[in-house]
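To start, the structure itself, in structure tokens.
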Ligand code: AMP
Ligand code: MG
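Numbering (this note's numbering), first residue to last: 68 to 571.
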């Protein structure tokens, strides 16, 4: 079969960073079958796939026919996993096919996951299963619809081959799109080898790719660290404001681009508790919901360490420079968090919160949700109804309907303080409610809905529940009757037993 010229590749990583990867080929799938194709994303990428039928698409996205211009490679990286350092991880079952420039001029990696063993596979089989790859689709599309920077799934193909985990599962290959696959762990790989030249090359490549404006700054590498920290501060604040738990924030799973990457054991908080952990292997709660800002900073410190030899000749000076960047992170994060929380609370003011009153208002709201075991997503969403004058749906979330009385009167007063004197309170309330509904989602990827959809797809080959859920996740702010089942929390007993898994 002719290889389709559907992708216009321009592979800068392969071209400029020889030695940072191993060229490698996907292992062909015996009976590829297309399960999912993200047509809106394909369009955004400018891919010319209209002429490909399902079997050609399946062959392409299984890696059986490599598109013209693809230069598949397995990237080398290291990583701190649960705090312990592994000097060599790398793409054990993933391959970057190449880069395309999308319609908006952004350079994006096209990569496979589950396409067979590579020289970095260690003990792994190089495979992936249908369930976890469709999970990447759901969570990535959910995050994207929520306006959160994320890698996204372009396609999922069933390979027609079993993979052996605790059970025998149907195999799959995911095609993932990312701003790049450069991770904190990519820097650690070269740092661990004391290879300063490679580190410099990697840093220069990263600046050219992600932060070209910094190339002319007086301290480009320090500016890079600052930029990466700034993106993480913004990203983690967004996670916290939608209740997202990544679950395995190892340094190899933190992208320099600031995108959410690697959806393994991730999940959304249900009844609000900052200590929430779903991952079966996170016994200490290292990656618990509320720990994520601290872990991001910890990971950034690992990145900073790799850059020290490049920051200044004098080691003490280099440490001082890096420390200053890291020290700014908590306030940066809190600034992003508060900006998001103000919008969620229906507040428009953008001035600094000098007396801390708005941060306290938001913090006390979360304390209340926690104390009363209220669903995080619905708690925020029903606050919009309260803004419009209907407090009943909000109060119905509380075992004691009067529990939010004191907080609500504070919030109403704070809202009123922003409203123009000339505007009547009813119309101000409706305007506020509409604004709040555009930032407080009704539909998130509820764990029980995700599991239900994946079980049907994986066990019975029934993709209908997956497709319905995907449709709901793509319009998280809509209040349509058919979306109601996706807005319902799982029974608390189900959530209490819910466990997620890595190494999938
Ligand atoms: P992850 O938990 O997906 O972030 O992966 C951590 C490391 O394990 C990476 O180096 C992966 O490439 C590798 N890995 C995970 N699963 C497999 C597998 N089934 N086969 C080979 N390598 C794997
Ligand atoms: Mg990973």
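Cβ atoms here follow ideal geometry from the backbone N, Cα and C, with glycine treated the same way.
Check	Outcome
So which of 532, 467 and 484 has the shortest CA-CA distance to residue 438?	467
So, with DSSP's three-state summary, where would you put residue 166?	strand
Could you pull out every residue in the same chain whose Cβ sits closer than 6 Å to the Cβ of residue 102, ignoring the five residues on either side in sequence?	223 and 225
How do the stretch 155-171 and the stretch 188-195 stand: do at least 3 beta-carbon pairs fall below 8 Å, yes or no?	yes
Could you please give me the residues that DSSP links to residue 176 through a beta bridge?	166 and 245
Does the ligand AMP have a heavy atom nearer than 6 Å to the CB of residue 176?	no
Which whole-angstrom value describes the C-beta separation of residue 239 and residue 200, a residue pair presumed to lie in contact below a C-beta threshold of 8 Å?	4 Å
Taking the Cβ atom as the reference point for each residue, do residue 64 and residue 343 lie within a distance shorter than 7 Å?	Absent from the model: residue 64. The displayed extent of the chain is 68 to 571, so no value can be given.
What beta strand (DSSP E) runs, 3 residues minimum, are completely inside the stretch 405-439?	none
Tell me the DSSP secondary structure of residue 69 in three-state form.	Confidence is the limiting factor: at residue 69 the pLDDT is only 48, short of 50, which leaves the residue's position unreliable, though a coordinate-based value still follows. Here residue 69 sits in coil by DSSP.
Measuring alpha carbon to alpha carbon, tell me which of 382, 322, 449 and 385 ends up nearest residue 363.	322
Report back the beta-carbon spacing between residue 482 and residue 332 to the nearest angstrom; my notes put them in contact at under 8 Å.	Residue 482 to residue 332, Cβ: 38 Å. No contact.
Looking at the secondary structure, which residues open and close the alpha helix (DSSP H) in which residue 213 lies?	Per DSSP, residue 213 belongs to no alpha helix (DSSP H) and is neither H nor E.
Below 8 Å, how does it come out for the stretch 208-216 and the stretch 271-278: are there three or more Cβ pairs, yes or no?	no
Would you mind working out which of 81, 416, 451 and 407 sits nearest residue 430, comparing C-alpha positions?	407
Of the residues 354, 186 and 474, which one's Cα is nearest the Cα of residue 142?	186
Going straight from the alpha carbon of residue 314 to that of residue 493, what length do you get?	42 Å
In angstroms, rounded to a whole number, what distance separates the CA positions of residue 244 and residue 410?	30 Å
For residue 74, which of helix, strand or coil comes out of DSSP?	coil
Quick check on residue 386: does DSSP put it in helix, strand or coil?	helix
Am I right that residue 306 and residue 359 are in contact with their C-beta atoms under 8 Å? What's the rounded C-beta distance?	6 Å
According to DSSP, simplified to helix, strand and coil, what is residue 470?	coil
Taking 6 Å as the cut-off, is the CB of residue 472 close to at least one heavy atom of the ligand MG?	no
Count the other CB atoms within 10 Å of the CB of residue 152; is the residue buried (16 or more) or exposed (fewer)?	exposed
To the nearest angstrom, how far is it from the Cα of residue 168 to the Cα of residue 385?	36 Å
Closer than 6 Å between the C-beta and any heavy atom of the ligand MG: which residues qualify, listed along the chain?	319, 320 and 329
Do you know offhand how far residue 106's Cα is from residue 302's?	26 Å
In the structure shown, what three-state DSSP assignment does residue 250 receive?	strand
Smallest Cα separation from residue 535: which of 544, 545, 550 and 546?	550
Counting only the same chain and skipping the five closest in sequence on each side, list residues whose C-beta sits under 8 Å from that of residue 68.	Model confidence at residue 68 stands at a pLDDT of 46, short of 50, so the residue's coordinates are unreliable; what they give is reported in the following sentence. Cβ neighbours of residue 68 beyond the five flanking positions: 123, 126 and 132.
Where residue 150 and residue 456 are concerned, what is the direct C-alpha to C-alpha distance, given to the nearest angstrom?	48 Å
Would residue 369 pass as a contact of residue 510 if the rule is Cβ separation under 7 Å?	no
I'd like to confirm something about residue 196: is its beta-carbon nearer than 6 Å to some heavy atom of the ligand AMP, or not?	no
Is residue 224 helix, strand or coil by DSSP?	strand
What do you reckon, are the CB atoms on residue 565 and residue 436 nearer than 7 Å?	no
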